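One structure is given below, encoded as structure tokens.
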Amino acid sequence: MRGIGKEYKKQEETRQKSLNKAIKRRKELQFEADRAKKEVEEKVEATAISIQGLERKLKEAEDNLKETERREKLRVVKSDAAGKGKGKLGVLLNLARGRVDELRKALTKTREQRDFMLDRVLELEKLLGVLKEEYNPNFNDAGVKKAVQGWEDYAARETSDHWTEAEARDLSEIEKEDSTDSGVNWTEFESSSTEDTASDAAAIYSLTSYLPPVLQSWLSNSITNLRHFLIDNGMLPDPTSNTDIQDSAAVKAARTARDDTQRDLTNAQNDLRHSQEDLEKDYGPAGIFRALKDKCVEKESGEYIYAHCFLSRTTQKPKKGGGETNMGNFVRFDTEYVDDDLPPDGKGVGRGDRIVMRYENGQHCWNGPARSTNVILACSEEDEIYKVSESEKCVYRMEVGTPAVCGWDKAADASGPVAGETTVKDEL
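Numbering (the working numbering), first residue to last: 334 to 761.
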């Protein structure tokens, strides 16, 4: 009797040492989680300040682009009035060339999509062909038999979706850029459309050469400003639609500066949104699981190696090689009452309220639902998987030990850990 009491006392001392280490580790995890959260909060503040600066910078860049385009437009208006415009034929030529380039790009994209879908169809046909050749006709599975019969009917149908080599060559020729050797020789039309189209305004500009310098400058600026006013108010067509103003160095540099600033602002806004979403996420009691995010633990059980990655997913992988199976992606925390007997080594979930991590929307089972896993957490000195079982088809129960839940007490406050040694002892 004395020997039994001595052994029990020894076990209790061991359990208490393990408990003390688990509590210490839990405090370390809480410190790491708080520090990580603080870093995200500081990032939110810094990013918000950066966004304010980028918004001011973008406004300045937009104003600069607008002013640069205005200056370039004045220059083009004047040169166009001097008789250097291409007229209606030039406008039509630019529209036609742009339309041809647009259709060519659409054709190229459609052809790429066709080739991609054809590859997928061929891959699917190959898989169905393998199913037909290798399936066991004596296996009484109506779904498989129906799929095989459907494949046979599909393969027997005649189709007219093949492409000849000549048709493929024709498509390749159409996709080539226009030049003097293929497609439309736009240069020939452009050179023929640059005939003299001097307007009344051009005659006025020519007339100014006979006036005194002071009057020349005044009259030139007046005509230019008048044409600019009429264009801005829609009373004259915009000559910039058929000029190369967009390619001028000044406008190009201003537009690049504006686009670069817009990209930096968009990236900063995305970073801010992601950080704010991170702060709003549920990281468990007192946010302690932030310190364990994406940390993985594994356990061999039967023919598989199971893995649990905190706040990420659970997986199953055959020992003898093969692909990894997703058993569920993390969706939320929950609580559940469990009533299990602890094994002699104490590696189990025990009895009482426990934190549960729900993992759902994993890979689909054959003739079954998408895989899901309920990870039941218990206090332990180290992060480890105790046991994995399949409670029902494709629904798994994973018992996991972690110091992150040591001291947690649902009755006291589910929002944070409480140093309740009684609950911890039950788990250990």
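Each residue gets a CB set at the ideal place from its N, CA and C atoms; glycine is no exception. Note that the coordinates shown come from a computational prediction; the quantities given were computed from them, not determined experimentally.
Are Ile382 and Gln602 closer than 8 Å when you measure CB to CB?
As a first step, residue 382 is located in the sequence shown; it is residue number 49 there, counting from the start. As a first step, residue 602 is located in the sequence shown; it is residue number 269 there, counting from the start. No.
DSSP on Ser581, reduced to helix/strand/coil?
In the sequence shown, counting from the first residue as 1, residue 581 sits at position 248. Three-state DSSP puts Ser581 in coil, outside helix and strand.
What residues are listed by DSSP as bridge partners for Pro651?
To locate residue 651, count along the sequence shown from 1; it is residue 318. Note: Pro651 is bridge-paired with Tyr637 in the DSSP secondary-structure output.
If contact is defined by three or more beta carbon pairs under 8 Å, each pair taking one atom from either stretch, is the region 661-673 in contact with the region 635-649?
yes
Give the secondary structure of Tyr729 by DSSP, where H, G and I count as helix, E and B as strand, and everything else as coil.
Locating residue 729 in the sequence shown gives position 396, where the first residue counts as 1. In the structure shown, Tyr729 sits in a strand (DSSP, three-state: E or B).
Tell me where the alpha helix (DSSP H) around Glu485 begins and ends.
Here residue 485 refers to the residue found at position 152 of the sequence shown. That run of the alpha helix (DSSP H) goes 475-489.
Quick one: using the 10 Å Cβ neighbour count with 16 as the cut-off for buried, is Thr599 buried or exposed?
Residue 599 sits at position 266 when you count from the first residue of the sequence shown. Thr599 is exposed by the Cβ-count criterion.
Going by DSSP, name the residue or residues bridged to Ser299.
Outside the shown range of the chain, which is 334 to 761, sits residue 299, and nothing can be said about it.
Would you kindly report the start and end of the unbroken beta strand (DSSP E) that includes Glu669?
Residue 669 sits at position 336 when you count from the first residue of the sequence shown. That run of the beta strand (DSSP E) goes 658-672.
When DSSP builds the beta bridges, which residues end up paired with Gly734?
Position 401 of the sequence shown, counting from 1, holds the residue named residue 734. Gly734 pairs with Ala711, Glu717.
Do you know offhand how far Glu684's Cα is from Asp452's?
Here residue 684 corresponds to residue number 351 of the sequence shown, with the count starting at 1. Here residue 452 corresponds to residue number 119 of the sequence shown, with the count starting at 1. Per the sequence presented here, residue 684 reads as Arg, with Glu not at that position. Going from the Cα of Arg684 to the Cα of Asp452 covers about 55 Å.
DSSP three-state call for Arg430: helix, strand or coil?
Along the sequence shown, one-based indexing puts residue 430 at 97. Helix.
Applying the criterion that 16 or more other CB atoms from any shown protein chain within 10 Å of the CB defines a buried residue, is Arg623 buried or exposed?
As a first step, residue 623 is located in the sequence shown; it is residue number 290 there, counting from the start. The residue is buried, with at least 16 neighbouring Cβ atoms inside 10 Å.
Report yes if the CB atom of Ile638 is closer than 8 Å to the CB atom of Lys650, and no otherwise.
Here residue 638 corresponds to residue number 305 of the sequence shown, with the count starting at 1. Here residue 650 corresponds to residue number 317 of the sequence shown, with the count starting at 1. For Ile638 and Lys650, yes; Cβs fall inside 8 Å.
Could you pull the DSSP bridge partners for Ser722 from this structure?
On the sequence shown, residue 722 is found 389 positions in, with the first residue counted as 1. DSSP lists Arg730 as partners of Ser722.
Residues in the same chain with beta-carbon distance under 6 Å from Gly753, minus the five sequence neighbours each way, listed in chain order, please.
Counted from its first residue, the sequence shown places residue 753 at position 420. Low per-residue confidence applies at Gly753: pLDDT is 36, beneath 50, and the placement is therefore not dependable, though the value from the model is reported in the following sentence. Closer than 6 Å at Cβ, skipping near neighbours: Gly740, Asp742.
Specify, as a first and last residue, the run of the beta strand (DSSP E) that Ser692 falls within.
Locating residue 692 in the sequence shown gives position 359, where the first residue counts as 1. Per the sequence shown, the amino acid found at residue 692 is Tyr instead of Ser. Unbroken beta strand (DSSP E) run through Tyr692: 684-693.
Between the alpha carbons of Thr380 and Arg606, how many angstroms are there, rounded?
For the purposes of this step, residue 380 is identified with residue 47 of the sequence shown, where counting begins at 1. For the purposes of this step, residue 606 is identified with residue 273 of the sequence shown, where counting begins at 1. Rounded to the nearest angstrom, the two C-alpha atoms are 10 Å apart.
Under 8 Å by Cβ, that's how I've got Glu405 and Ser581 pegged, so tell me the actual separation to the nearest angstrom.
In the sequence shown, the residue the question calls residue 405 occupies position 72. In the sequence shown, the residue the question calls residue 581 occupies position 248. Contact holds; Cβ gap of about 5 Å.
If we call anything under 8 Å between Cβ atoms a contact, is Ala369 one with Thr594?
Here residue 369 refers to the residue found at position 36 of the sequence shown. Here residue 594 refers to the residue found at position 261 of the sequence shown. Against a cut-off of 8 Å, the Cβ pair of Thr594 and Ala369 comes out as no contact.
Quick check: what's the CA-CA separation for Glu485 versus Ser608?
The residue you call residue 485 lines up with position 152 of the sequence shown. The residue you call residue 608 lines up with position 275 of the sequence shown. Straight-line Cα distance between these residues: approximately 53 Å.
Give every residue of the same chain whose Cβ lies closer than 8 Å to the Cβ of Lys342, excluding the five residues on either side of it in the sequence, and list them in chain order.
For the purposes of this step, residue 342 is identified with residue 9 of the sequence shown, where counting begins at 1. Correct list: empty, nothing qualifies.
In whole angstroms, what is the alpha-carbon distance linking Glu633 and Lys720?
Residue 633 sits at position 300 when you count from the first residue of the sequence shown. Residue 720 sits at position 387 when you count from the first residue of the sequence shown. Cα-Cα distance, rounded: 9 Å.
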